[in-house]
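Number of protein chains: 2
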Amino acid sequence: MSVPARRPRRHDPGRRDRLVDTALDVVADQGVAAATHRAIARAADVPLGSLTYHFASLTELLAAAFTRHVDTVAARFDERMRAAPDRAAALEALVEHLTGDLLGSSRDLVLAVELHVAAARDPTLRAVTQDWMSRSRRSLERHLDPVTAREVDALVEGLVLHSALSTDPMTPDQIRSALTRLAG
Amino acid sequence: MSVPARRPRRHDPGRRDRLVDTALDVVADQGVAAATHRAIARAADVPLGSLTYHFASLTELLAAAFTRHVDTVAARFDERMRAAPDRAAALEALVEHLTGDLLGSSRDLVLAVELHVAAARDPTLRAVTQDWMSRSRRSLERHLDPVTAREVDALVEGLVLHSALSTDPMTPDQIRSALTRLAG
DNA sequence: CCTCGTTGTGTACGGTTGTTCCTATGACTG
DNA sequence: CAGTCATAGGAACAACCGTACACAACGAGG
Chain H
1 MSVPARRPRR HDPGRRDRLV DTALDVVADQ GVAAATHRAI ARAADVPLGS
51 LTYHFASLTE LLAAAFTRHV DTVAARFDER MRAAPDRAAA LEALVEHLTG
101 DLLGSSRDLV LAVELHVAAA RDPTLRAVTQ DWMSRSRRSL ERHLDPVTAR
151 EVDALVEGLV LHSALSTDPM TPDQIRSALT RLAG
Chain R
1 MSVPARRPRR HDPGRRDRLV DTALDVVADQ GVAAATHRAI ARAADVPLGS
51 LTYHFASLTE LLAAAFTRHV DTVAARFDER MRAAPDRAAA LEALVEHLTG
101 DLLGSSRDLV LAVELHVAAA RDPTLRAVTQ DWMSRSRRSL ERHLDPVTAR
151 EVDALVEGLV LHSALSTDPM TPDQIRSALT RLAG
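These protein sequence lines map, in sequence, to chains H and R.
Per full-length UniProt numbering, the very first residue in the first sequence carries number 1; after that it's consecutive.
Per full-length UniProt numbering, the very first residue in the second sequence carries number 1; after that it's consecutive.
And the structure:
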């Protein structure tokens, strides 16, 4: 007769942070529709009530999670753009960002799509995507004029979505060629 | 004391079709997450049991709805491409398709995003999006080489998504310019 | 007119959800 | 060392979900 696993975890500082990360994990591998209070609580191994204690609502928790993710990705991307000495290097860095960071890890890719979907309905989350888009464009504008930056940004968005949903993803060479045609 | 509205609607041929359309409406203005049996039944003004009578499951109903929508949009687009005499006209038709058909009616735009989201998790629906993408590419290939067609398709996808989520959508001129740069 | 099979209807069930609430705990403050 | 209060914990609730199912109403064929 196994006791249902005593849980001697009083005083858990940083639990709030951990919940945000766990929520992101759940969204990444089960989708935003499956990211319920209970699913996240189970994944983080905390009682259900803990979630509503730390976050007023599920939406608030998801917003915090997506915000953290966007911050990470946007900072990484801006770092790449900042490091590029010129336009050509920036384009190459963009290709690497796409093929390496985004398309390489299906996690980031899935999170991007899930965020877009959720944002379509939830104003709170829409603010997060808009922030992402504007930061992304600002990073691109380090080496591209605003008009081209916007076009490239849209193309990148489409490439990401296509890669997420298509059976035969584009190769890095194809991606480079498309970007070069648009901004080369 | 108002009687709860007698419903004298026995023998309603074509109800199955009407349910598909209504499901599409509900998805368009409340999102796929809100497209429940009950919501659709209410919108179509039919009893709840009618849905499970006509469709084995909710997924099957949604798949039928999205399939109908994709058929409509894809056929309309192919018609445009077929009517274009040359490459330049095709590009202009594409701009019109985007700014008129898709971006003009937020309904089509929202449906596209919802479908993509739902498809990310549901294999049945993924088949529908893949069908859409391949039909769209095939239409483009009437006037573009396959590589360019693919790039244009990805750009279009990104433009649609950006327009759906952004606060200041791109103008037709900006869209034409981006497409021309890529495929002109 | 009567039967029979198809179609339509209403209700009920088992399960899951977000959220609330009461209690218990233990780290900090005085 | 006593008391306080933010945090932790778990049970409970009402709402909603997809689906099943038994029954009612019809149209067609005899």
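Think of the CB as a built atom: it goes at the ideal place given N, C-alpha and C, for glycine as much as any other residue.
Let me see if you follow: with CB-CB separation under 7 Å, is residue i close to chain H or not?
i, result
"residue 60 of chain R", "no"
"residue 69 of chain R", "no"
"residue 48 of chain R", "no"
"residue 104 of chain R", "no"
"residue 129 of chain R", "yes"
"residue 4 of chain R", "Here the model assigns residue 4 of chain R a pLDDT of 41, short of 50, so the residue's position is not dependable and the matter cannot be decided."
"residue 121 of chain R", "yes"
Using the Cα positions of residue i and residue j, report the straight-line distance between them to the nearest angstrom.
i, j, result
"residue 56 of chain R", "residue 118 of chain R", "19 Å"
"residue 135 of chain R", "residue 46 of chain H", "48 Å"
"residue 116 of chain R", "residue 125 of chain R", "9 Å"
"residue 112 of chain H", "residue 10 of chain R", "47 Å"
"residue 172 of chain H", "residue 97 of chain H", "11 Å"
"residue 25 of chain R", "residue 71 of chain R", "16 Å"
"residue 142 of chain R", "residue 143 of chain H", "35 Å"
"residue 38 of chain R", "residue 105 of chain R", "26 Å"
"residue 99 of chain R", "residue 58 of chain H", "36 Å"
"residue 169 of chain H", "residue 138 of chain R", "17 Å"
"residue 34 of chain H", "residue 34 of chain R", "14 Å"
"residue 52 of chain R", "residue 145 of chain H", "55 Å"
"residue 23 of chain H", "residue 86 of chain R", "51 Å"
"residue 167 of chain H", "residue 48 of chain R", "37 Å"
For residue i, decide whether its Cβ has a neighbour in chain R, counting only Cβ atoms nearer than 7 Å.
i, result
"residue 27 of chain H", "no"
"residue 162 of chain H", "yes"
"residue 165 of chain H", "yes"
"residue 157 of chain H", "yes"
"residue 88 of chain H", "no"
"residue 181 of chain H", "yes"
"residue 117 of chain H", "yes"
"residue 169 of chain H", "no"
"residue 173 of chain H", "no"
I believe residue i touches residue j by the beta-carbon criterion, under 8 Å. Please report the beta-carbon distance rounded to the nearest angstrom.
i, j, result
"residue 114 of chain R", "residue 20 of chain R", "Incorrect: roughly 15 Å between the Cβ atoms, too far for contact."
"residue 65 of chain H", "residue 27 of chain H", "7 Å"
"residue 109 of chain R", "residue 102 of chain R", "6 Å"
"residue 140 of chain R", "residue 152 of chain R", "6 Å"
"residue 54 of chain R", "residue 80 of chain R", "About 34 Å separates the two Cβ atoms, so there is no contact after all."
Taking residue i as the reference, give the member of the options with the closest Cα.
i, options, result
"residue 160 of chain R", "H/34, H/164 and H/154", "H/154"
"residue 162 of chain R", "H/120, H/84, H/42 and H/144", "H/120"
"residue 76 of chain R", "R/94, R/148 and R/51", "R/94"
"residue 148 of chain H", "R/175, R/39 and R/72", "R/175"
"residue 164 of chain R", "H/138, H/170, H/178 and H/122", "H/122"
"residue 43 of chain R", "R/29, R/150 and R/178", "R/29"
"residue 183 of chain R", "R/137, R/168 and R/88", "R/88"
"residue 179 of chain R", "R/158, R/49 and R/48", "R/158"
"residue 13 of chain R", "R/40, R/132, R/23 and R/50", "R/50"
Runs of beta strand (DSSP E) lying entirely within the region 79 to 150 of chain R, each at least 3 residues, in chain order: none
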